[in-house]
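Reading through the structure tokens given below for one structure.
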Amino acid sequence: MAPNTPLRTRMGSRVQSRKAVCELCGVEFASRGLFNHFRKCRKQASQAINTAQRKAEYRANIHAQLLKDLGSNSELHPHHSAQPVPAAATSSVLPARDLSLPRAADTSTLVDHGLVTPLTRAVRDTAPDLETPATPNRPTAQDVPPMAPMGHAGPEHSSSCLHSNAPATSSDPNVSDTPQSVRPGPAGVEQPDATLSYEADSIKVEYHPSSGRPTQVFRFEEFNRHRIAEPPPPPPAKPWNPFNTRTDFEFAELTLDAGLSDQHLDALIKMIRRIVQNANDFTFNSHVDVRKTWDAAANKVTPFTKHVITATYKKEPRQYDLYTRDLWDYCKDLLRDPYVVRQMEWDAQRLYRFDGASARWVRFIDEPLTANSSWTTQSKLPTTHKPLLLILYADKTKLSSFGTAKGYPVIVRCGNLPVHIRNGEGPGGGRIVGWLPIVEEEAGEKHKTGFVNFKRIVWHESFRKILEPIRAHSHTGVWYICGDEVHRCVCPHVAILSSDYEEQCVMSLIRGGNGLFPCPMCLVPKLSLGDYQPDYPERTGSEAQAILELAMAQRTVKDREEVLQQWSLRPIQNAFLELGHSDPYKALSFDRLHASHSGLFGHHYWVQFKKHVVEVSNDAVKLIDAQFNAMPRWSGLIHFNEVMGTSFTDGSKYEDISKNLPFVAHNVVTEVTSLAGYQLLVTIRRYLEEDMYVGLPLQTEWTLANGRELQRRHNAQLQKYRELFEDDEDEKNWNFPKMHTRKHAFDDIEQKGVSRNFNTKPNEKMHGPIKKAYRTRTNRRDVAMQLLNIDHHFYIAGHIRTQLDELDAYLKARAEEDAEDSEPLSDSLGGGHISLGARQNKCTIAQFLEAHRDDVAFRNFEQRLSKFLTKEYKAHNIPLPQNKPIKFLLSSMITEYRLLRVNYESMADWRQDTDLIRCSPSFFGMPRYDCIILRSAVGPDFFGRLLCMFTCTVGDKVEPIALILPYNKPTRALPVKDHDLRFYRLHEQTRQRAEFVSLHAVRRGALLVQDFETKDDYLVHDLIDSDMFFRVQALREL
-19 MAPNTPLRTR MGSRVQSRKA VCELCGVEFA SRGLFNHFRK CRKQASQAIN
31 TAQRKAEYRA NIHAQLLKDL GSNSELHPHH SAQPVPAAAT SSVLPARDLS
81 LPRAADTSTL VDHGLVTPLT RAVRDTAPDL ETPATPNRPT AQDVPPMAPM
131 GHAGPEHSSS CLHSNAPATS SDPNVSDTPQ SVRPGPAGVE QPDATLSYEA
181 DSIKVEYHPS SGRPTQVFRF EEFNRHRIAE PPPPPPAKPW NPFNTRTDFE
231 FAELTLDAGL SDQHLDALIK MIRRIVQNAN DFTFNSHVDV RKTWDAAANK
281 VTPFTKHVIT ATYKKEPRQY DLYTRDLWDY CKDLLRDPYV VRQMEWDAQR
331 LYRFDGASAR WVRFIDEPLT ANSSWTTQSK LPTTHKPLLL ILYADKTKLS
381 SFGTAKGYPV IVRCGNLPVH IRNGEGPGGG RIVGWLPIVE EEAGEKHKTG
431 FVNFKRIVWH ESFRKILEPI RAHSHTGVWY ICGDEVHRCV CPHVAILSSD
481 YEEQCVMSLI RGGNGLFPCP MCLVPKLSLG DYQPDYPERT GSEAQAILEL
531 AMAQRTVKDR EEVLQQWSLR PIQNAFLELG HSDPYKALSF DRLHASHSGL
581 FGHHYWVQFK KHVVEVSNDA VKLIDAQFNA MPRWSGLIHF NEVMGTSFTD
631 GSKYEDISKN LPFVAHNVVT EVTSLAGYQL LVTIRRYLEE DMYVGLPLQT
681 EWTLANGREL QRRHNAQLQK YRELFEDDED EKNWNFPKMH TRKHAFDDIE
731 QKGVSRNFNT KPNEKMHGPI KKAYRTRTNR RDVAMQLLNI DHHFYIAGHI
781 RTQLDELDAY LKARAEEDAE DSEPLSDSLG GGHISLGARQ NKCTIAQFLE
831 AHRDDVAFRN FEQRLSKFLT KEYKAHNIPL PQNKPIKFLL SSMITEYRLL
881 RVNYESMADW RQDTDLIRCS PSFFGMPRYD CIILRSAVGP DFFGRLLCMF
931 TCTVGDKVEP IALILPYNKP TRALPVKDHD LRFYRLHEQT RQRAEFVSLH
981 AVRRGALLVQ DFETKDDYLV HDLIDSDMFF RVQALREL
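Heads up: the sequence shown is residues -19 to 1018, going by my numbering.
This is how it looks when you write it as structure tokens:
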């Protein structure tokens, strides 16, 4: 909406926008807020402070000082350090190192304004202990351009909202309509060839030049994201070895999943032995047999090893236990598995889709290998090398309810695998590769710089041990014969670091929230964390290494600290910088779960909003809880009975609270009851829209531009909220790191693919089984190895289970090939995109109507059904049985169903999704009548609520039919809050207007929330998923 467009009042009448322009800055403001703004604006003008210039000058001074210091030490050479690193690390020096390993300073040179290049390590010039070392030469790097321009992707498989030809424009009066964060595409992007014509929605795959693979174009229906390999070899005949039989393995697998104690396991075995008549196929006699067989199977996949990490604090050596699974052996577990390696992609690629409307190719990204960073990395590798992307996660977790027992798992995932495997729980999914020691706080040492540095030393020494098996390979590559019998030279490297802010500070070795520059990824000053507009220089590994070496060249601890504090760095060598192609500052990524869901919303917006509700009244608090409880249930959306007095620690719960909040609070927190609370609610709605774009499963240039625009609108609304408290001495401080880190979200997506590639949520889910195992399977003493053994058993079970499933599929395929008289499988009822479940007994229409005799929606049921089907058959030119109108009687038979599965193509990523839609008088003891979106033959899609679903027979055809209650868009003027909170409002028709529809017309399910303020009005919940978000956005534009 343009800034001067008239707005609607609550009563629906039109009034001119109540705006005024500040004569100092020229920005429009609401009249009621102009006085406070003018006073603030005049104060800033009188001070004549140019914030951006001051920041630039500050950074220039720091760089100048660094150049000066490096220049004054021009004689300094890595092999002639002015200040040698002591063997025993203290709080202000580098950690103790094994002198036999190459060090950062051994081969680095000072170039480019005094900054050293990223670490190359002496390992390039030595002969590492490789299985088959690759040639260590490197070609000239090819720079990767930013995202290519992306336009509308066509109507068949995408939303006009998702791939619109222009980014969203702002409807906020204080925000310019010109997106400030849209980045131009590269000059060399391929333009459409006038001599060629492509089918709309065709997919083009442009592989990295060093791959030697030609560019390919596919029809949309033929596009396969995964490499087509040769048929796999037959699976092993007895994949359950060393278990004696398949039954033994499946029994042990079941007891493992159930988490049975030894006593329960013994009792179960005894019971089975009493029941089973033929025990030859079951050889266990006690839990000892099960444990021994698990141990015998341990070598099927990489086991854990214990190490002792020694570090010195205040001249006292201290030892800590570290448990690791060999990282390279884990990689080999993946590479030699024929069923996993066939799913892996090996080359960076750019994906395009042909837009028929504009006759041009538009680029999209999703997986890490489709983004810019992987292209850059492969440009630095020899043409024979293939990038092996590792995604690492580390975070402490409480094992016990009171938090006295803690664990510190390190989890790895492979970025070459598709997301459904990589983020799944089966083979190819995340695996624990380390269990870090936790240095407990000591009395008198808490928050002391020396002790904090000591903890960082222990952390990086531990991680150095975890990374050690791939260190040499990351520089030179290593040849390996994979499970698909292809000989590859792979280069493992850390592409993504997934972690919470606290762990990011440890990984990057910055000084945290109290440092001058608290962001692990850029040099934003501490006092500017809440300022969205300026861009600040990015941190790089080469710069951090140069600063560290400069600091260590100083003669006194004080001088070292003075250098490092200017950059918020610690005097410790970063373990990640010892790897090739693994800059930790580029690998660190925006953490949507902790920064947005449990961070910005859970710890800030939600806390503030509850305060405003309390200020309204105690009844308002109760009403918020009651309306949360009244929210209809939806698969994938947590239902809350109450929220106002309950504390949560799970970011997923905060995510669902935030999604529901606008729909349950709009009639409680209004401009009248709480102006500040209402402005915060509007801000939260903008935050939710930004978060939807951050979480998209597929991104184009336009979605990235729209996301950045929504981020700007979000910040503009937050600024309005903050201005309401600018004269309040207790105003909340919005300068905190997680407020700032979301600024990097869309940049990270461009570089590493969509946010689910680096989201911590899949890794946090792995904490659940660890905690359960702690409670049910350990003796609560020395639990680390016990838990890791259990995890290893699950790893083994998954490995064997995959081979068993492949064996079953292989034997089934063989049997079907050999069957001469095999009959084709019948299609599921509904023609493919729908299927019915929860079948009830077949009955007459009269019997069916007994349960609905008082419901006017079911009156004249058989007559209306007859007219509907007759009209439908004629409209679709389907011959009528015996050329007569279809006629149903009360004695006609129908079959009721209470579950509908709908497969639909998502407008967010063009993949198939499935909705489970209920229509039941009692689902878990409660009535459940879900809503649906239906295709209309004469107009836009429309919404309806299911009243019943059934099948009836017409001639020799079985027709799936539903009786629905339709919803229409209101014809009256809409309230202002519908614009402010982006509501899509519908009005429920009377039950007399219920109508029949064919279930073939159902597009997908929908969640409609009752407007608690207006009878028979409902609001479409457009935040349940990204597909619904874009569908409603498209409906708004009609």
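Just so you know, even glycine gets a beta-carbon here, dropped at the ideal spot from N, CA and C. If you're wondering where the values come from, they're calculated on a predicted model, not measured in any experiment.
Could you give the residue range of the beta strand (DSSP E) that holds residue i?
i	result
V470	467 to 478
Y343	The sequence as given places Arg at residue 343; Tyr does not occur at that position. From DSSP, the beta strand (DSSP E) with R343 extends over 340 to 345.
M929	922 to 934
K1020	The requested residue 1020 does not occur in the structure, where the chain is confined to residues -19 to 1018.
D335	329 to 335
P389	389 to 394
Under 9 Å, do residue i and residue j count as touching if we go by C-beta distance?
i	j	result
D921	L927	no
T911	F923	Sequence inspection shows Cys at residue 911; the Thr mentioned does not correspond to that position. Yes, the Cβ-Cβ distance between C911 and F923 is below 9 Å.
S478	I371	yes
D317	G408	yes
H365	C462	no
I437	A291	yes
V596	S632	no
According to DSSP, is residue i helix, strand or coil?
i	result
D896	Contrary to the premise, residue 896 reads as Leu rather than Asp in this sequence. L896: strand per DSSP, three-state reduction.
E523	helix
T87	Unreliable placement is indicated for T87, whose pLDDT of 28 sits below 50; no coordinate value is reported for it.
I941	strand
N840	coil
Q1013	helix
P907	strand
C462	coil
L557	helix
P1027	Nothing about residue 1027 can be read from this structure; the chain reaches only from -19 to 1018.
R948	Note that residue 948 is Asn in the sequence shown here, rather than Arg. N948 falls in the strand class under three-state DSSP.
I371	strand
E202	helix
E111	For E111, the predicted structure reports a pLDDT of 43, less than 50, and the residue's modelled location is therefore unreliable. A value from the coordinates is still provided. Reduced to three states, the DSSP call for E111 is coil.
K700	helix
C499	coil
V623	coil
Y300	strand
V(-5)	For V(-5), the predicted structure reports a pLDDT of 32, less than 50, and the residue's modelled location is therefore unreliable. A value from the coordinates is still provided. Residue state, collapsed to three classes: strand.
Taking residue i as part of the alpha helix (DSSP H), name the residues at either end of that continuous run.
i	result
V1020	Here the chain comprises residues numbered -19 to 1018, so residue 1020 is not present and cannot be evaluated.
Y565	564 to 567
P318	318 to 321
V543	537 to 545
Y178	Note, Y178: premise wrong, no alpha helix (DSSP H); not H, not E.
In whole angstroms, what separates the C-alpha of residue i from that of residue j?
i	j	result
T740	H400	15 Å
L641	A567	34 Å
N743	I941	43 Å
Q843	L849	10 Å
V587	M624	10 Å
Q196	R333	12 Å
D958	A337	33 Å
S353	S359	10 Å
G896	V982	Strictly speaking, residue 896 in this sequence is Leu, with Gly absent from that position. If I take the Cα positions, the gap works out to 12 Å.
T384	E420	11 Å
A696	Y853	54 Å
R444	A555	5 Å
P263	D228	According to the sequence provided, residue 263 is Thr. The question's Pro does not apply to it. When rounded, the distance between both Cα atoms is 7 Å.
V321	T456	21 Å
Legend entry - alpha helix (DSSP H) runs wholly inside the region 404 to 458, at least 4 long, in chain order: Counting only runs of 4 or more, we get 429 to 456.
Legend entry - Runs of beta strand (DSSP E) wholly within the region 839 to 883 (minimum 3 residues, chain order): Listed in chain order, there is nothing to give.
Legend entry - Every unbroken beta strand (DSSP E) inside the region 963 to 997 [3 residues or more]: The region 963 to 997 contains, as complete beta strand (DSSP E) runs of 3+ residues, the segments 965 to 968, 975 to 978, 982 to 986, 988 to 990 (chain order).
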